[in-house]
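Under mature numbering (1 follows the signal peptide of the UniProt record, and there is no 0), the letters of the sequence shown match residues -20 to -1, 1 to 740, in that order.
Below: one structure, written as structure tokens.
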Amino acid sequence: MKPRHTSYLLLLVLLQLVSAQYEYLGYPPSYPDPEHEHYQAPQLPADVPRIQLRLAGDKRKHNEGRVEVFYDGQWGTMCDDDFSQHAAQVVCRELGYVDAVSWSPSSKYGKGEGPIWFDNLHCTGKERTVAQCPSNGIGISDCKHTEDVGVVCSDKRIPGFKFVNFLPNHVESLDIQVEDVRIRAILSSYRKRVPVTEGYVEIKDGGRWKQICNADWTPHNSRVICGMFGFPGRRMAKYLCFYRIIDQTFGNIVNCTGAEAHLSSCKLGQQTEAVTNGTCVKGLPVVVSCVPGRAFAPTPMTGFRKGSKVSPQPLVRLRGGAIVGEGRVEVLKNGEWGTICDDSWNLGSATVVCRELGYGTAKEALNGGRLGQGMGPVHMNEVQCSGFEKSITECPFNKETVDCSHEEDAGVRCNIPAMGFQERLRLSGGRSPYEGRVEVLTERNGSLVWGTVCSEGWGIMEAMVVCRQLGLGFAKNAFQETWYWAGQVSADAVVMSGVRCSGTEMTLSHCLHHGENLQCPRGGGRHAAGVSCSDTAPDLVLNPQVVEQTTYMEDRPMFMLQCAYEEKCLASTSNSVPANSYRRLLRFSSQIHNNGQSDFKPKANRESWVWHDCHRHYHSMEVFTLYDLYSLNGTKVAEGHKASFCLEDSECDEGIEKKYECANFGDQGITVGCWDTYRHDIDCQWVDITDVSPGDYIFRIVINPNYEVPESDYSNNIVKCRCRYDGHRIWMYNCHNGGSLNEETEQQFPGLISNQVTHR
């Protein structure tokens, strides 16, 4: 019974920790609610024109868009002439956001329609509405819609914000503007689940949580609400199970089409009729029941189960993201994975991707290769989804991608359910929130306690999971000693040992570990595990075409291979051959690109680099690349390795300057947008195949094989080729990056179907 008790105790704590999103616990009696007085609705002089604002156009986040103004019965826009950050601040605060992040001229979010109501705005930033800012006068403008201005507002809403409708006769045209939304679990059976999937929909308006009458509620509304909370679908709620008196009621009907990514894009309907005691005239409060994706399906006790076995191969995937539900969008077409060009990429299309993958609606549609650049073809351009497609591949798009490059790769950040994962882990003693000793919340002897993790075997893959669980991006370093970080004294005891992660787990507890039978010979204390995290990471990708096109065979005498012999770049049989013998070498060039978001640098500092007198250079990594030849059944028949004796920028994309070069003991690394070329004619750039018989083989290259340097995506660190050797000639064909082709094509590489590298 003990495991069951442990799971139940952890679950109760997690439900309390995540309740902020789902359950309003309120304040104790006689305790003032501080949020009620944070906002005061604007009291405008009679001579100030009454307007309403909204954000429209091709949005990439719900809190950005083209600024549109409703006045005199018509929606119109604002001109970018003399527009400023002060004006953007007034716009965002009028819409209920705390501040403005930025503004964009020249119709970035598309051209609007109707009158251009404001031109030459000169705001100070303190006005309650843009109608108070000096301008040419409302409706007086010499601008065109190519000059429509847009803004990006902060994510945070003004505490206590209450929407004021100055135009009650035109309410159907207005977007919903409220402070917050939540799902409030009511049934005790659902309170014991993580995530909460069913409950009352409550809107925070004027600092108070209010329910909505269900008389005019539609399934489209429920679809949007569920999507906001990370769920791809909705189902009919069991209203017979729910009933209680409503204390506060939201006074307007909510009108969503079902394609919106956020409630703020839905329209405000007419006022509902509610009696004085707060109950609804025609029914009960709105209840939603959401359907979670496979990876987040709840169970009564544990609150979480891993997704079921994958059936057919999906047609879309995310790569290069730091946390669950974000990444560069890649689609499978004609047997090959490729990317989507960001032209016209918006929240609607991004939401289709998110729902297809089992997440909720899109939180953000990313452009400009912000989550790293892909390789291979660009499959889709100018994607135009309606929002109801089951797959991104069903959306209309432009097949012409000649004007697109991987610098325009589209990405997404999806809404995911609140699982409380961040509350089970913390970093302690670091100089910033991004570093520290890893401390885990666990149950010991019937109580929940914080403790440390044994650092034996602790590495980058484990650190990656920690940073992901805490929402801190990618791992930057994994530390096996943390004596320099004074963590919480009460958490010194080791509570977790034997941790082994693949790097893809959502939480550290999902990794292999010893459970209650702790084994930590080194002990905790100074040997407790630690991490440092970073928002960005490099991503090395090898060009398979260069390998395929430069392969050849060379017979080289031993007396010319002494340096290579000293560095162990020859097969073991070379230890017992005469100096006048020859070694048969499989030679090729390799071109390694950094497609990530930060520079790739060796793990060791330059003070730790090892000087090799034979080649007259420094080794910054003991093993940087593995070159292996396998039989078709997966048996290794020959191998080679490449120490990173020189990591430098051989060439760079246009507009990017080289930063790293090895001359004169210079810094080593590979800049984002640059590549390092190892020519076929340098030492150790080969595999010794002297002892290999003629036949068909598989050639595999692995970059950064020991995961010594963190990357945003390790799945593309492998290149595989089919290889044919007839005893006199050798050639490569079907060279490709690991995971770049469909599963059917990968079957041509029996014995090496997996693209994962096992090193421990």
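For every residue, glycine included, the Cβ atom is placed at its ideal position computed from N, Cα and C.
These numbers were taken from a predicted model, which means no experiment stands behind them.
query	result
Between the stretch 367 to 379 and the stretch 390 to 399, are three or more C-beta pairs nearer than 8 Å?	no
What are the partner residues of residue 537, as DSSP defines its beta bridges?	562
Within 10 angstroms of the Cβ of residue 712, are there 16 or more other Cβ atoms? Answer buried if so, exposed if not.	buried
Assuming residue 580 contacts residue 520 under a Cβ cut-off of 8 Å, what Cβ separation, rounded to an integer in Å, is found between them?	6 Å
On the criterion of 16 or more Cβ atoms from any shown chain inside 10 Å, does residue 406 qualify as buried, or is it exposed?	buried
Under the assumption that residue 640 contacts residue 631 (Cβ atoms under 8 Å), give the Cβ distance between them as a whole number of angstroms.	Between residue 631 and residue 640 the Cβ distance is about 12 Å, and since that is not below 8 Å, they are no contact.
Do residue 46 and residue 89 have their C-beta atoms within less than 7 Å of each other?	yes
With residue 268 and residue 214 assumed to form a contact (beta carbons below 8 Å), what rounded beta-carbon distance in angstroms separates them?	6 Å
How many Å lie between residue 361 and residue 467 at the Cα?	50 Å
Between which two residues does the beta strand (DSSP E) carrying residue 34 extend?	32 to 36
Among residues of its own chain, excluding the 5 on either side of residue 11, which ones have a beta-carbon nearer than 6 Å to its beta-carbon?	Residue placement at residue 11 cannot be trusted, given a pLDDT of 30 that sits under 50; what the coordinates show is reported in the next sentence. Here the set comprises nothing.
Going residue by residue through the stretch 130 to 204, where are the continuous beta strand (DSSP E) segments of at least 3 residues, counting only ones entirely within it?	130 to 133, 160 to 164, 178 to 185, 188 to 191
Pairs of beta-carbons, one from the stretch 346 to 365 and one from the stretch 599 to 616, closer than 8 Å: are there three or more?	no
Go to residue 432, then tell me how far its beta strand (DSSP E) extends in each direction, as first and last residue.	427 to 433
Under DSSP, the beta strand (DSSP E) around residue 328 begins and ends at which residues?	Run containing residue 328: none in the beta strand (DSSP E); it sits in the alpha helix (DSSP H), 327 to 336.
Between the beta-carbon of residue 54 and the beta-carbon of residue 105, is there less than 7 Å?	no
How close, in whole Å, do the beta carbons of residue 687 and residue 440 come, if the pair is a contact with beta carbons under 8 Å?	5 Å
Note the first and the last residue of the continuous alpha helix (DSSP H) segment covering residue 441.	440 to 449
What residues match up with residue 452 in a beta bridge as DSSP calls it?	Its beta-bridge partners do not exist; DSSP assigns none.
Helix, strand or coil for residue 7, going by three-state DSSP, please let me know.	Residue placement at residue 7 cannot be trusted, given a pLDDT of 29 that sits under 50; what the coordinates show is reported in the next sentence. Residue state, collapsed to three classes: coil.
Per DSSP, residue 622 is paired with what?	605
Alpha carbons only, please: which of 559, 636, 649 is nearest the one belonging to residue 583?	649
Any idea which residues DSSP pairs residue 275 with across the strands?	In the DSSP output, where bridge partners are listed per residue, residue 275 has none listed.
Please report the residue range of the beta strand (DSSP E) in which residue 571 lies.	570 to 574
Mind checking whether residue 668 and residue 559 have CB atoms under 7 Å apart?	no
Just to confirm before moving on: does the CB-CB distance between residue 210 and residue 326 stay below 7 Å?	no
Using three-state DSSP, classify residue 109 as helix, strand or coil.	coil
Would you mind sorting residue 728 into buried or exposed? The rule is 16 or more other CB atoms within 10 Å of its CB.	exposed
Should the stretch 456 to 473 be regarded as contacting the stretch 494 to 514, the criterion being three or more beta carbon pairs within less than 8 Å?	yes
Just to confirm before moving on: does the CB-CB distance between residue 129 and residue 60 stay below 7 Å?	yes
Since residue 27 sits in a beta bridge, which residues does DSSP pair it with?	The partner list for residue 27 (beta bridge, DSSP) is empty, contrary to what the question assumes.
What residue from 470, 473, 450, 445 has the CA that sits closest to residue 479's CA?	445
Take residue 135 as the anchor and find which of 343, 472, 98, 554 has the nearest alpha-carbon.	343
Rounding to the nearest angstrom, what Cα-Cα distance links residue 348 and residue 637 in this structure?	19 Å
Identify which residue in 332, 216, 322 has its Cα closest to the Cα of residue 239.	332
Checking 7 Å against the spacing of the C-beta atoms, do residue 666 and residue 567 come in under that value?	yes
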